[in-house]
Structures are given as C-alpha cells and as structure tokens.
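Data first, discussion second: the structure below is written as structure tokens.
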Amino acid sequence: MKFSKYHLSTDELSEVDMPNKRIIFSTRTATSILIEENIYQFAINNEFDKVDNEIYKTLVEKEFIVNTEEDEYQYIMSKNAEVRDTVNFLAMTIQPSANCQLGCHYCGQTHTKDYAKEDVIDKYLERIEFLLNGKDIYNGLAITWYGGEPLTGYSSIKKASKRMIALCKEKGFTYISDMITNGLSLKPKLFEELVKECGITDYQITIDGTAESHDTRRITKAGDPTFDIIMKNIADVTQTATYKDYGCNISIRVNIDKTNYQYVEPLIDYIKEMNLQDKVSMYFATIVDFGGNDAGKESLTKDFFAQKEIEWLFRCYEHNIRVNILPKRSYSVCMVEQKDSEVWDAFGNIYACWEFPYSETYGKGDSLIGNLFESKETYNMNATLRDWSTVVDSGTTWCKSCLHLPVCGGGCPKSWHEGTPACPPFKSNFKDKLLLDYYIRQKKEEIAKN
Ligand code: SF4
Ligand code: SF4
0 MKFSKYHLST
10 DELSEVDMPN
20 KRIIFSTRTA
30 TSILIEENIY
40 QFAINNEFDK
50 VDNEIYKTLV
60 EKEFIVNTEE
70 DEYQYIMSKN
80 AEVRDTVNFL
90 AMTIQPSANC
100 QLGCHYCGQT
110 HTKDYAKEDV
120 IDKYLERIEF
130 LLNGKDIYNG
140 LAITWYGGEP
150 LTGYSSIKKA
160 SKRMIALCKE
170 KGFTYISDMI
180 TNGLSLKPKL
190 FEELVKECGI
200 TDYQITIDGT
210 AESHDTRRIT
220 KAGDPTFDII
230 MKNIADVTQT
240 ATYKDYGCNI
250 SIRVNIDKTN
260 YQYVEPLIDY
270 IKEMNLQDKV
280 SMYFATIVDF
290 GGNDAGKESL
300 TKDFFAQKEI
310 EWLFRCYEHN
320 IRVNILPKRS
330 YSVCMVEQKD
340 SEVWDAFGNI
350 YACWEFPYSE
360 TYGKGDSLIG
370 NLFESKETYN
380 MNATLRDWST
390 VVDSGTTWCK
400 SCLHLPVCGG
410 GCPKSWHEGT
420 PACPPFKSNF
430 KDKLLLDYYI
440 RQKKEEIAKN
C-alpha cells in the first residue's frame with residue numbers, strides 16, 4: 000500500500016492552538032480528517048506499521064492509502080468515465096429566449112427578440128424522447144433554463160415544461176428543473192406558476208454587490224437600476240408558502256472583479272438585514288473574458304480573490320447564510336463531458352456548453368453540434384469542448400498532474416480553450432478552507448450538544 004498522491008494538507012496547526020495536528024483532505028473522496036502530526040509523517044512515508052489499526056482502516060476507507068500498483072491518474076479518469084456512463088438523469092439546458100432586459104458589460108451574448116416557437120418546442124420534445132429511449136439506465140429528466148433571460152421566453156417555458164412533465168409521468172420518470180435568471184421578473188405570482196406548473200424549484204440569481212455597485216453593472220439596456228426590484232422579488236418570493244412547501248432554493252451568485260469586491264461584504268450584511276439568511280445560499284465568482292470580449296480585464300488576482308473569498312465565507316457563516324466550503328468529488332467537469340447533455344437555443348441550435356448560444360464567437364462553426372431541424376446524421380459529435388477528457392490526457396492543461404483533479408475536473412473547459420487557466424480559488428485557499436470547514440463543524444457539534 001502507498002499514501003495517495005491525491006491528498007492536500009494544512010500546515011501543522013500550532014498557530015491556531017492545535018499543536019501537533021493537521022487537517023488532511025483526500026481529493027479522491029472529498030473527505031477531510033484531523034490527524035496527529037506524527038501519524039501523518041508515518042503515513043506520508045508509507046510506514047503504516049507504525050499507524051494505529053483503526054486509523055489505518057479509516058485512511059484506507061477514505062482512500063488516503065491505496066494499492067501500491069495503482070496508477071492513480073488512470074484510476075480517477077476511468078472511474079469518472081464509469082460513473083458518467085451510469086448517470087440515470089438526462090440533463091438538458093434550454094435557452095428559450097434570445098432576449099434579455101439587461102445590458103451587463105461582461106455578457107458575451109447578442110440579444111434579439113426571438114423565442115422558441117411551437118415548432119421548436121416540438122423538436123425539443125422529439126430529441127428528449129430519442130435520447131431517453133437510447134439508454135435503459137434513464138429514469139429521470141433534469142432541465143436547466145438559461146438565457147438570454149429565460150423569463151422573457153416564459154410562454155415557451157410553460158408550454159415545453161407541461162409537455163416534458165407529461166412525458167416523464169407517462170414513463171414513470173422523475174422530473175426536476177432549475178433556472179438561471181436575472182430575477183427582474185420573478186414576482187410571486189409568476190414564481191408560483193413556475194414552481195407548481197413547470198416544476199422549477201431552484202433558482203440562481205446574480206447580484207453584483209450592494210445597489211451602489213450592482214446598479215452600475217446589472218442595469219437595463221436603457222440604463223435603469225435593478226437592485227431594489229430584484230431584492231424585493233427575492234424577499235417576496237421567499238416569503239411565499241410555496242417556497243418552503245416545495246423545498247425551493249435561491250442561490251445568489253456574486254460576479255466579482257476589482258471594481259466591486261468592496262461591495263461584497265456589505266451585500267452579505269444586507270442579506271442578513273433583510274432576514275434572508277436562512278432562505279438563500281450564496282457563492283462568489285470571478286469575472287472572466289467571454290470569447291475575447293475583454294470582460295476579465297479588471298479581474299482580481301487569483302490569490303487576492305482566494306483570500307477575500309475566505310473572509311466572505313466566514314461572514315456568511317457568522318450570518319448563518321448557507322455556503323459550500325469544500326468541493327465534492329467531481330465525475331464530470333460540467334455538461335461538456337456528458338455526451339447526451341446538450342444546450343438548445345430558441346432556434347433549435349445544439350451546443351455542448353451553455354455559454355455558446357447567442358454568442359458571436361461560438362454561435363457558429365465548430366462549436367455548433369447541429370440544429371434540431373436537421374437530421375441527426377449531420378450532427379457534429381466532436382464539437383468544441385466535447386473532447387475534454389482527451390485534452391486533459393494530452394497534458395496541454397495543468398490538470399493531468401494536478402492533485403485537485405478528482406474534485407475540480409478541470410474547472411471550466413471553455414476557459415482553458417480560451418487560454419485562461421480555470422483553477423478555482425480552492426487551489427489557492429484550500430488550507431484556509433479546510434480550517435474554516437473544521438471550525439464550522441466543531442461549532443455545530445458544540446451547539447448540537449448544548
Ligand atoms: S465549459 Fe465552462 S462555461 Fe461551458 S458549461 Fe462547462 S463550466 Fe460552463
Ligand atoms: S483547473 Fe486547475 S485546479 Fe482544476 S484540475 Fe486543472 S490545474 Fe488543477
């Protein structure tokens with residue numbers, strides 16, 4: 000047996016009053032363990048006979064210790080492929096409208112007033128039936144609504160959802176759905192319909208800091224502010240009985256660069272002031288270039304973002320706002336690695352990545368798989384990004400030799416494709432995150448005991 004290379008570790012923890020201890024994290028199983036320093040030293044030197052039997056068993060079970068002969072990289076890649084082949088939900092992304100009310104500077108889409116008409120919806124359904132019938136393993140359908148702003152195509156969402164839900168019912172399949180929306184039209188009445196008639200229970204809404212910052216960036220095409228409207232919608236929607244009864248969640252995404260990072264902490268405080276802390280979750284993202292649109296020119300350095308992220312996560316913890324601290328094991332980096340998963344736009348165009356539709360750079364050419372109105376034989380099954388596993392294998396990105404690969408999967412293939420390393424902040428701040436996660440778990444245990 001040998002100690003797995005796919006592990007991360009904090010430093011020895013004397014500085015935080017935990018002498019002779021450290022936290023280790025297996026990226027193979029996304030498990031963190033507090034361990035005595037001497038045992039860690041024995042383990043990394045493969046001196047397992049000096050390790051207590053119970054601890055040894057745990058280390059094997061959580062894959063900190065693995066077979067000596069195992070080629071760990073090959074094992075991870077083949078395990079990923081095996082798990083991908085057994086996914087029982089067909090996951091699709093539909094962008095039913097090419098329109099959006101907002102004019103955010105970092106968006107790479109060209110908006111028009113087009114939306115998916117009846118004949119396009121027919122094609123969505125035909126393709127879903129074809130794919131669901133293609134594998135015995137499927138027993139569910141998962142639809143993500145994305146845009147443009149998907150709610151500008153609400154009539155298409157309603158018609159398509161009704162038919163997809165009916166199809167799942169007929170087959171005895173589970174239907175689940177989520178939406179990425181700017182939140183501007185998400186009034187309680189519409190929300191109730193989306194949940195009850197369209198089965199959409201999870202929402203991601205972007206708020207770029209407090210009004211002072213958000214209203215300089217996420218403005219309407221006419222230049223009007225949107226912060227107060229969106230926040231009121233979130234407050235109203237989360238107060239409905241439907242939000243609770245149907246187990247809904249709104250996740251607030253904050254897009255951050257040099258021009259607005261100062262407004263993130265006040266936004267976290269504002270969410271607490273609005274009493275939304277137990278109703279929404281939050282996460283923080285960097286702004287990157289979109290097909291050469293230079294949106295990332297004001298990006299924070301990775302290290303600075305990673306340092307600030309720890310402060311924001313801690314602030315969320317203090318306010319009881321849900322956040323994810325540690326990553327989970329990732330068997331596919333995103334939809335590009337699920338061959339059956341496709342993105343469809345309002346015209347029936349098919350892509351592998353949800354950043355491609357309505358984009359000057361990616362709308363046509365090699366990024367296009369095909370069009371739902373054309374025969375399947377014309378589809379380009381090797382469209383841009385579909386070969387992600389081969390890219391990783393070729394070593395042209397840093398991922399093949401990276402210890403984070405089992406939890407990261409390579410970040411965002413599109414980013415690498417554009418020449419930007421896609422490493423998430425965890426690569427820079429994992430030591431702090433391991434400690435923060437441990438601290439929060441300890442606090443929760445203390446509260447549970449009292
Ligand atoms: S390649 Fe990147 S942008 Fe495209 S779907 Fe995957 S994670 Fe999203
Ligand atoms: S994107 Fe970065 S952190 Fe993720 S696997 Fe690749 S090199 Fe590692």
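Sequential numbering of the sequence shown, starting at 0, is according to numbering that gives the first Met the number 0. We put the CB at the ideal spot given by N, CA and C, even for glycine.
Taking the alpha helix (DSSP H) that L435 belongs to, which residues open and close that run? Taken as a continuous stretch (DSSP letters only), the alpha helix (DSSP H) holding L435 covers F425 to K448.
Across which residues does DSSP place R252 in a beta bridge pair? T205 and Y282
Where F41 falls, given that 16 or more other Cβ within 10 Å makes a residue buried: buried
Note down the Cα distance separating R450 from K134, rounded to an integer number of angstroms. Nothing about residue 450 can be read from this structure; the chain reaches only from 0 to 449.
I'd like the ranges of any beta strand (DSSP E) spanning at least 3 consecutive residues and lying wholly in the segment 194-247. 199-205
Between E354 and ligand 1, is there a pair consisting of the residue's CB and a ligand heavy atom that are separated by less than 6 Å? yes
Can you tell me which of the three DSSP states V342 falls into? strand
Assuming contact is defined by CB atoms lying nearer than 7 Å, are N254 and D207 in contact in what I supplied? yes
Straight-line CA distance for R385 to V335? Each residue's Cα considered, the two are about 5 Å apart.
Unbroken stretches of the alpha helix (DSSP H), 4 residues or longer, contained in the segment 77-161: 117-133
What is the DSSP secondary structure of D35, reduced to helix, strand or coil? For the sequence presented, residue 35 should be read as Glu rather than Asp. Here E35 sits in strand by DSSP.
Can you tell me whether P149 sits near ligand 4, meaning its C-beta is under 6 Å from at least one heavy atom of the ligand? This structure lacks ligand 4; the ligands present are ligand 1 and ligand 2.
When you compare only the Cα positions, how much space is there between V332 and I439? 27 Å
Runs of beta strand (DSSP E) lying entirely within the segment 355-384, each at least 3 residues, in chain order: 367-370
Distance cut-off 6 Å: A421 Cβ against heavy atoms of ligand 2: yes
Nearest to L89 (by Cα), restricted to the options P405, N132 and Y350: N132
Under a Cβ-count criterion, where at least 16 other Cβ atoms within 10 Å of its own Cβ denotes burial, should Q94 be classed as buried or exposed? buried
Have a look at P18, M0, S31 and K1 and flag the residue whose alpha-carbon is nearest the alpha-carbon of L435. S31
Cβ of R27 within 7 Å of Cβ of P326? no
How long is the line joining the alpha carbons of F346 and I120, rounded to whole angstroms? Each residue's CA atom was taken as its position, placing F346 and I120 some 10 Å apart.
Per the contact definition of three or more C-beta pairs closer than 8 Å, is the segment 227-244 in contact with the segment 175-189? As far as the Cβ criterion goes, the segment 175-189 touches the segment 227-244, which means the pair count is three or higher.
Please check the pair T180 and I142, which I expect to be a contact at CB under 8 Å, by giving their CB distance rounded to whole angstroms. In this structure T180 does not touch I142 by the C-beta definition: roughly 14 Å separates them, more than the 8 Å allowed.
I need the DSSP call for I349, collapsed to helix, strand or coil. strand
Where DSSP assigns a beta bridge to V50, which residues make up the other side? Bridge partners of V50: none, in fact.
Could you tell me which of S340, N45, A305 and K413 sits nearest to T285, measuring between CA atoms? A305
C-alpha gap between N79 and D339, whole angstroms: Using only the alpha carbons, I get a separation of about 16 Å.
With H, G and I counted as helix, E and B as strand and the rest as coil, what does DSSP make of T396? coil
For V65, the three-state DSSP class (helix, strand or coil): Here V65 sits in strand by DSSP.
Decide if the segment 60-74 is in contact with the segment 107-115; the criterion is three or more beta carbon pairs, one per stretch, under 8 Å apart. no
So, at 6 Å on beta carbons, what are the nonlocal neighbours of T383 in its own chain, with the 5 sequence-adjacent residues on each side left out? D365 and S366
Neighbour-count burial assignment, D256, 16 or more Cβ in a 10 Å radius: buried
Reference Y316, options E196, K271 and N259, closest by Cα: K271
When the Cα atoms are used, what is the spatial distance from V390 to C247? 37 Å
Cβ of L89 within 6 Å of any heavy atom in ligand 2? no
Host alpha helix (DSSP H) of R450 (start-end): Residue coverage of the chain in this structure runs from 0 to 449, which leaves residue 450 outside it and unanswerable.
Does at least one heavy atom of ligand 2 sit under 6 Å from the Cβ of L404? yes
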